[in-house]
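Reading through the structure tokens given below for one structure.
Residue numbers (the UniProt record's numbering): 1 to 194.
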């Protein structure tokens, strides 16, 4: 215990837990976050005297993973389950998050009627004939998932980029976004812009 008392506050590892509640009245969902924290010096000048340290938080667990992207309401349950699990893992283990994202692509292909094959790569190649643009997205997600599965060293930026392109594909494939836009375009053209 004497050794612990000799350490400066910035040399210690602290633990934190925090609850957040959604401010949207119809939601009110509660999320619990816990992890490690460290004290860091709080800049210079007058603020240093007033508040010499600030906590820097390192989340280690998130219960009810914070959504990283919006999912269309029509997203099939099997796909949604894998994606929501990946949301939780984003804060804990990026490699596992990327792996779950890859599994969700498998579930999406199941829902889209793409036959099982020897590999995900083969399934996506079959999908290219139906949706070439989204097949490219699925190939990108497969590659991110492969890195997560085999090396486990995905960068946060790459995983966030993957989520962004996945969100676009989900909006089209399950949310009908592309069909809606095409219908609006045709309506405008048919009315000659009136």
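Glycine included, C-beta positions come from ideal geometry on N, C-alpha and C.
- prompt: Out of 100, 109 and 136, which has the shortest C-alpha to C-alpha gap to residue 146?
  reply: Here the question's residue 146 lines up with position 146 in the chain shown. For residue 146, the nearest C-alpha among the options comes from 100.
message: At the level of alpha carbons, what is the spacing between residue 139 and residue 163?
response: To locate residue 139, count along the chain shown from 1; it is residue 139. To locate residue 163, count along the chain shown from 1; it is residue 163. Rounded to the nearest angstrom, the two C-alpha atoms are 13 Å apart.
message: Based on DSSP bridge pairs, tell me the residues matched to residue 59.
response: Start at 1 with the first residue of the chain shown, and residue 59 comes out as number 59. Beta-bridge pairing links residue 59 to 35.
message: By the DSSP assignment, the beta strand (DSSP E) with residue 19 in it spans what residues?
response: Here the question's residue 19 lines up with position 19 in the chain shown. Note, residue 19: beta strand (DSSP E), 14 to 21.
Exposure label - residue 114; buried when at least 16 CB within 10 Å: The residue labelled residue 114 in the question sits at position 114 within the chain shown. Residue 114 is buried by the Cβ-count criterion.
- prompt: With distances taken between CB atoms, is the gap from residue 35 to residue 20 smaller than 7 Å?
  reply: Numbered from 1 along the chain shown, position 35 holds the residue referred to as residue 35. Numbered from 1 along the chain shown, position 20 holds the residue referred to as residue 20. No. Outside cutoff.
- prompt: Which residue from 12, 129, 96 and 132 puts its Cα closest to that of residue 53?
  reply: Stepping through the chain shown from its first residue, residue 53 is reached at position 53. If we check each option's Cα against that of residue 53, 12 comes out closest.
query: What number of angstroms, rounded off, separates the C-alpha of residue 98 from the C-alpha of residue 86?
result: As a first step, residue 98 must be located in the chain shown, where it is residue number 98. As a first step, residue 86 must be located in the chain shown, where it is residue number 86. Cα to Cα, residue 98 sits roughly 7 Å from residue 86.
query: Are the Cβ atoms of residue 105 and residue 88 separated by less than 7 Å?
result: By 1-based counting over the chain shown, the position of residue 105 is 105. By 1-based counting over the chain shown, the position of residue 88 is 88. In this structure, residue 105 keeps its C-beta atom at 7 Å or more from the C-beta atom of residue 88.
query: Straight-line CA distance for residue 185 to residue 178?
result: In the chain shown, the residue the question calls residue 185 occupies position 185. In the chain shown, the residue the question calls residue 178 occupies position 178. Cα to Cα, the separation comes out at about 10 Å.
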